[in-house]
Amino acid sequence: MSLPFQLLSLTSLLILFALSLSYYILLSIQSWWRLRAFKGPPTASFSYLWIIRACQSGNMGDWFKRATKEYGNSATSSTVRIGPNDLLTADPEVIRRMATARSRYTRSNWYAVQRVGPGGDSMFSHLDTAAHDKVKAKTAAGYSGKEVPGLEGRVDDTIAQLVGKIRTKYAASSARGLQQQHKPFLDLAMMVQYFTLDSITKIGFGEEFGYIRSEEDVYGYIALVTRLASVVTLSANVPYLANIMSSTLVLNLMAPKITDKSGVGRVFYVTKEMVQERWAADDKSRNDILVRSPFPGSWMRHGLSQPECETEVLFQLVAGSDTTATALRTTLLHIITSPRVCSALQAEIDQGIRDGRISSPITNAESLRLPYLQAVIYEGLRMCPPFNGLVLKVVPPEGDSIDGVFVPGGTRIGHSVDALLRDTAVFGEDAELFRPERWVEAADEAAVAEMRRVTELVFGYGRWACAGKNIAFLEMNKVYVELLRVFDFQIVYPARPWTSVNRSLWLQQDMWVRVTERH
Numbered sequence: 001m002s003l004p005f006q007l008l009s010l011t012s013l014l015i016l017f018a019l020s021l022s023y024y025i026l027l028s029i030q031s032w033w034r035l036r037a038f039k040g041p042p043t044a045s046f047s048y049l050w051i052i053r054a055c056q057s058g059n060m061g062d063w064f065k066r067a068t069k070e071y072g073n074s075a076t077s078s079t080v081r082i083g084p085n086d087l088l089t090a091d092p093e094v095i096r097r098m099a100t101a102r103s104r105y106t107r108s109n110w111y112a113v114q115r116v117g118p119g120g121d122s123m124f125s126h127l128d129t130a131a132h133d134k135v136k137a138k139t140a141a142g143y144s145g146k147e148v149p150g151l152e153g154r155v156d157d158t159i160a161q162l163v164g165k166i167r168t169k170y171a172a173s174s175a176r177g178l179q180q181q182h183k184p185f186l187d188l189a190m191m192v193q194y195f196t197l198d199s200i201t202k203i204g205f206g207e208e209f210g211y212i213r214s215e216e217d218v219y220g221y222i223a224l225v226t227r228l229a230s231v232v233t234l235s236a237n238v239p240y241l242a243n244i245m246s247s248t249l250v251l252n253l254m255a256p257k258i259t260d261k262s263g264v265g266r267v268f269y270v271t272k273e274m275v276q277e278r279w280a281a282d283d284k285s286r287n288d289i290l291v292r293s294p295f296p297g298s299w300m301r302h303g304l305s306q307p308e309c310e311t312e313v314l315f316q317l318v319a320g321s322d323t324t325a326t327a328l329r330t331t332l333l334h335i336i337t338s339p340r341v342c343s344a345l346q347a348e349i350d351q352g353i354r355d356g357r358i359s360s361p362i363t364n365a366e367s368l369r370l371p372y373l374q375a376v377i378y379e380g381l382r383m384c385p386p387f388n389g390l391v392l393k394v395v396p397p398e399g400d401s402i403d404g405v406f407v408p409g410g411t412r413i414g415h416s417v418d419a420l421l422r423d424t425a426v427f428g429e430d431a432e433l434f435r436p437e438r439w440v441e442a443a444d445e446a447a448v449a450e451m452r453r454v455t456e457l458v459f460g461y462g463r464w465a466c467a468g469k470n471i472a473f474l475e476m477n478k479v480y481v482e483l484l485r486v487f488d489f490q491i492v493y494p495a496r497p498w499t500s501v502n503r504s505l506w507l508q509q510d511m512w513v514r515v516t517e518r519h
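Each residue of the sequence shown is one higher than the one before, starting from 1 at the first, in the UniProt record's numbering.
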């Protein structure tokens with residue numbers, strides 16, 4: 001190759017590099033300019049490095065909370081910049097405004113990455129607002145419990161299995177010498193997840209999958225969620241990765257398949273078989289089947305198609321088990337490690353039993369009349385939101401105004417529930433502390449109502465609110481009472497009570513406890 005040609009090639013490469021660099025600089029300036037009024041981490045105005053680091057930290061909720069505190073205009077109720085086209089808010093009014101029925105905000109491609117199976121979009125992954133609203137309307141009666149006969153009894157049956165397993169295998173009797181009873185330690189975090197999986201499959205499928213009975217990861221579902229959580233979280237939060245991961249090509253290559261022997265694909269196979277059985281049944285048989293599996297039955301009656309039913313049942317498993325398990329085990333950890341709280345809650349339970357105000361098992365209606373129990377439930381949700389993904393929405397084309405500042409159309413806005421639930425203006429100066437008494441000592445009903453309104457934002461709001469919220473509360477209202485009325489729990493390794501990693505979902509295990517029967 002001649003020297004002039006080599007010089008020409010080098011010159012061309014230098015020109016190409018210079019043009020590319022100039023283009024990147026111009027894009028960075030444009031990105032910075034659009035949202036220049038909002039402060040944030042230094043790299044956020046021109047890159048997604050900060051979001052990537054937050055996602056990979058294993059504690060992303062804390063990263064979001066610190067960002068609102070460090071760069072916001074107030075301690076917690078603030079909106080900050082976390083990406084070139086991305087804002088993060090901890091303002092409850094902004095969150096509610098984005099989710100009202102008349103809101104023109106739409107879902108970003110963050111949701112497209114949340115598709116859980118090969119059957120298409122679920123209520124949670126639909127980007128089309130009208131399509132989402134139609135599915136939600138058709139499933140509302142089922143999720144509310146109005147068309148689910150025996151819903152509470154199904155949860156009671158699963159709780160009975162949970163208590164029975166703990167009593168027979170793990171609980172030592174306080175009436176005998178504990179040293180002579182060689183009972184194994186219990187991983188309470190994993191057992192709670194087994195409970196929520198069995199509970200939701202009993203509701204959705206008519207019978208539980210047998211997690212509690214076998215104490216095994218049936219179909220490898222938990223292992224798959226653990227492996228994929230990091231990839232899904234990172235892909236959802238970085239838009240160009242979201243576009244890749246939600247593309248037809250990648251979904252065809254990587255999405256769970258009905259032929260899989262384990263994981264979500266295997267669960268989808270079971271789901272498909274169950275739903276097909278209902279569609280193939282004649283009218284008489286179908287009535288019997290719908291009683292056994294009320295959720296799909298209700299959805300069918302309200303016009304959900306067979307493929308839609310298959311997808312929604314699968315999504316129900318993912319959304320209804322992992323998040324509720326987190327709420328239960330994090331609250332249990334706070335109870336167990338707070339002797340004052342544990343004693344007060346057990347005293348309320350014991351007194352309720354003596355007074356005949358608590359049945360066996362406790363009913364949902366009875367639990368709502370136990371003020372300290374309700375305080376513990378809400379305080380537990382506040383201390384550790386079961387799901388703290390960004391759930392990014394898109395500003396409508398005409399733009400919006402936040403804190404008096406114009407936000408251009410097309411901007412993505414996520415929310416930090418961790419920062420939201422540490423707002424000292426709402427929860428007091430000790431908002432970082434687990435203290436259920438704040439709910440019973442509040443100055444007036446208005447203060448309690450505001451704390452509840454803010455805390456329940458962990459379930460979303462308005463159009464985008466969690467459809468299974470009632471079921472989550474039903475399980476929480478019962479589980480703490482049924483466990484603490486008969487057992488005492490002691491953390492085995494107090495210096496490291498569990499392993500907990502946050503990837504939007506919480507991955508928690510190794511919560512080893514010693515169990516003792518109280519009576």
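For each residue, glycine too, the CB sits at the ideal point set by N, CA and C.
**Report entry** Exposure label - Phe489; buried when at least 16 CB within 10 Å
**Finding:** Within the sequence shown, residue 489 is the residue found at index 489, counting from 1. Buried, since its Cβ has 16 or more Cβ neighbours within 10 Å.
Requested in this report: Specify, as a first and last residue, the run of the beta strand (DSSP E) that Ser500 falls within.
Outcome: Here the question's residue 500 lines up with position 500 in the sequence shown. Taken as a continuous stretch (DSSP letters only), the beta strand (DSSP E) holding Ser500 covers 499-503.
Query - Contact set for Met123: own chain, Cβ-Cβ below 8 Å, skip 5 residues either direction - result: On the sequence shown, position 123 is the one that residue 123 refers to. Answer for Met123: His132, Val135, Lys136, Thr139, Glu312, Phe315, Ala467, listed in chain order.
**Report entry** From Ile82, Ile491, Gly40, residue whose alpha carbon lies closest to that of Ile336
**Finding:** Taking the first residue of the sequence shown as 1, we reach residue 336 at position 336. The residue with the shortest Cα to Cα distance from Ile336 is Ile491.
**Report entry** First and last residue of the uninterrupted beta strand (DSSP E) at Leu484
**Finding:** Locating residue 484 in the sequence shown gives position 484, counting from the first residue. Taken as a continuous stretch (DSSP letters only), Leu484 belongs to no beta strand (DSSP E), being part of the alpha helix (DSSP H) at 469-484.
**Report entry** Continuous beta strand (DSSP E) assignments of at least 3 residues falling wholly in the segment 335-411
**Finding:** 400-402, 405-407
Query - Residues bridged to Asp187 (per DSSP) - result: In the sequence shown, residue 187 corresponds to position 187, counting from 1. In the DSSP output, where bridge partners are listed per residue, Asp187 has Trp512.
Query raised in the report: For chain C, is any of its Cβ atoms less than 8 Å away from the one on Ser214?
Result: Among the chains of the structure shown, chain C does not appear; only one protein chain is present.
**Report entry** Spatial distance of Thr323 from Asn502 (CA atoms)
**Finding:** As a first step, residue 323 is located in the sequence shown; it is residue number 323 there, counting from the start. As a first step, residue 502 is located in the sequence shown; it is residue number 502 there, counting from the start. Thr323 and Asn502: Cα-Cα distance of roughly 12 Å.
Query - Cβ pair count under 8 Å reaching 3, the segment 351-358 against the segment 439-451 - result: no
Query - Whole-angstrom distance between Asp418 and Phe473, CA atom to CA atom - result: Mapped onto the sequence shown, residue 473 falls at position 473. Mapped onto the sequence shown, residue 418 falls at position 418. When rounded, the distance between both Cα atoms is 20 Å.
Requested in this report: Report the option in Pro41, Phe46, Cys309 whose CA atom is closest to the CA atom of Trp63.
Outcome: The count along the sequence shown starts at 1 and reaches residue 63 at position 63. Cα-wise, what sits closest to Trp63 is Pro41.
Query raised in the report: Name the DSSP bridge partner or partners of Thr79?
Result: One-based indexing of the sequence shown puts residue 79 at position 79. Answer is Thr89.
Query raised in the report: In whole angstroms, what separates the C-alpha of Pro396 from that of Val116?
Result: Here the question's residue 396 lines up with position 396 in the sequence shown. Here the question's residue 116 lines up with position 116 in the sequence shown. If I take the Cα positions, the gap works out to 27 Å.
Query raised in the report: So what's Thr259 in DSSP terms, helix, strand or just coil?
Result: If you number the sequence shown from 1, residue 259 lands on position 259. Looking at Thr259 - three-state DSSP - the assignment turns out to be coil, as it is neither helix nor strand.
Requested in this report: Please list, in chain order, all residues of the same chain as Val113 whose beta carbon is under 7 Å from its beta carbon, the five residues on each side excluded.
Outcome: Residue numbering aside, residue 113 sits at position 113 when the sequence shown is read from its first letter. Counting only Cβ-Cβ distances below 7 Å, and skipping sequence neighbours, we find Val232, Ser235, Ala236, Ala242, Met245, Ser246.
Query - Range of the contiguous alpha helix (DSSP H) that encloses Ala171 - result: Taking the sequence shown and counting its residues from 1, one reaches residue 171 at position 171. It is not in any alpha helix (DSSP H) - Ala171 instead sits in the beta strand (DSSP E) that spans 171-173.
Requested in this report: Return helix, strand or coil for Tyr23, following the three-state DSSP convention.
Outcome: For this step, residue 23 is matched to residue 23 along the sequence shown. Note that Tyr23 scores 46 on pLDDT, short of 50, meaning its location in the model is unreliable and no value can be drawn from it.
Query raised in the report: To the nearest angstrom, how far is it from the Cα of Arg34 to the Cα of Ser230?
Result: For the purposes of this step, residue 34 is identified with residue 34 of the sequence shown, where counting begins at 1. For the purposes of this step, residue 230 is identified with residue 230 of the sequence shown, where counting begins at 1. Each residue's Cα considered, the two are about 30 Å apart.
Report task. Let me know if Tyr240 comes out buried or exposed under the rule of 16 or more other beta-carbons within 10 Å of its beta-carbon. Result -> If you number the sequence shown from 1, residue 240 lands on position 240. Tyr240 should be labelled exposed.
Query - Thr455 in three-state terms, based on DSSP - result: Within the sequence shown, the letter at position 455 stands for residue 455. Three-state result, Thr455: helix.
Query raised in the report: Which two residues bound the contiguous alpha helix (DSSP H) that contains Asp418?
Result: Reading the sequence shown from its first residue, position 418 is the one you call residue 418. Asp418 -> alpha helix (DSSP H) spans 417-420.
Requested in this report: Drop a sphere of 10 angstroms on the beta-carbon of Ser343, count the other beta-carbons inside from all chains shown, and report buried for 16 or more, exposed for fewer.
Outcome: The residue labelled residue 343 in the question sits at position 343 within the sequence shown. It counts as exposed.
Query raised in the report: Taking Cβ positions, are Val218 and Phe205 nearer each other than 8 Å?
Result: Within the sequence shown, residue 218 is the residue found at index 218, counting from 1. Within the sequence shown, residue 205 is the residue found at index 205, counting from 1. Cβ atoms of Val218 and Phe205: not closer than 8 Å.
Query - Selection from Val376, Leu224, Gly265 that minimises the alpha carbon distance to Gly120 - result: In the sequence shown, residue 120 corresponds to position 120, counting from 1. The candidate whose alpha carbon is nearest that of Gly120 is Gly265.
Query raised in the report: Which residues share a DSSP beta bridge with Gly414?
Result: Here the question's residue 414 lines up with position 414 in the sequence shown. In DSSP, Gly414 forms a bridge with Leu88.
Query raised in the report: According to the Cβ coordinates, are Met511 and Pro497 closer than 8 Å?
Result: Translated into the one-based positions of the sequence shown, residue 511 becomes position 511. Translated into the one-based positions of the sequence shown, residue 497 becomes position 497. Cβ distance < 8 Å, so Met511 and Pro497 count as in contact.
Requested in this report: Might you give, ordered along the chain, the residues of its own chain that have their beta carbon closer than 6 Å to the beta carbon of Leu421, omitting 5 neighbours on each side?
Outcome: Residue mapping note: residue 421 aligns to position 421 of the sequence shown, counting from 1. Arg382, listed in sequence order.
Report task. Go through its chain and collect everything with a Cβ distance to Val479's Cβ below 7 Å, but skip five positions before and after it. Result -> Mapped onto the sequence shown, residue 479 falls at position 479. Excluding residues within five positions, the ones whose Cβ falls inside 7 Å are Ile159, Leu328.
Query raised in the report: What are the complete alpha helix (DSSP H) segments, minimum 4 residues, inside the segment 184-231?
Result: 188-205, 211-214
Query raised in the report: When DSSP builds the beta bridges, which residues end up paired with Thr311?
Result: For the purposes of this step, residue 311 is identified with residue 311 of the sequence shown, where counting begins at 1. Beta-bridge pairing links Thr311 to no other residue.
**Report entry** 6 Å CB neighbourhood of Ala99 in its chain, flanking five on each side removed
**Finding:** Taking the first residue of the sequence shown as position 1, residue 99 is located at position 99. Cβ neighbours of Ala99 beyond the five flanking positions: Tyr461, Gly462, Arg463, Trp464.
Requested in this report: Look up Asp488 in the DSSP assignment and give the residues it is bridged to.
Outcome: The residue you call residue 488 lines up with position 488 of the sequence shown. In the DSSP output, where bridge partners are listed per residue, Asp488 has Thr516.
Requested in this report: Check whether the Cβ atoms of Ile95 and Thr89 sit closer than 8 Å, and answer yes or no.
Outcome: Working through the sequence shown from its first residue, we reach residue 95 at position 95. Working through the sequence shown from its first residue, we reach residue 89 at position 89. Going by C-beta atoms, Ile95 is nearer than 8 Å to Thr89.
Requested in this report: Whole angstroms is fine: what's the gap from Asp187's alpha carbon to Gln276's?
Outcome: Counting from one through the sequence shown, the residue named residue 187 turns up at place 187. Counting from one through the sequence shown, the residue named residue 276 turns up at place 276. Between Asp187 and Gln276, the C-alpha separation is close to 37 Å.
Query raised in the report: Which class does Asn252 belong to by DSSP, given the choice of helix, strand or coil?
Result: For the purposes of this step, residue 252 is taken as the residue at position 252 of the sequence shown. Looking at Asn252 - three-state DSSP - the assignment turns out to be helix.
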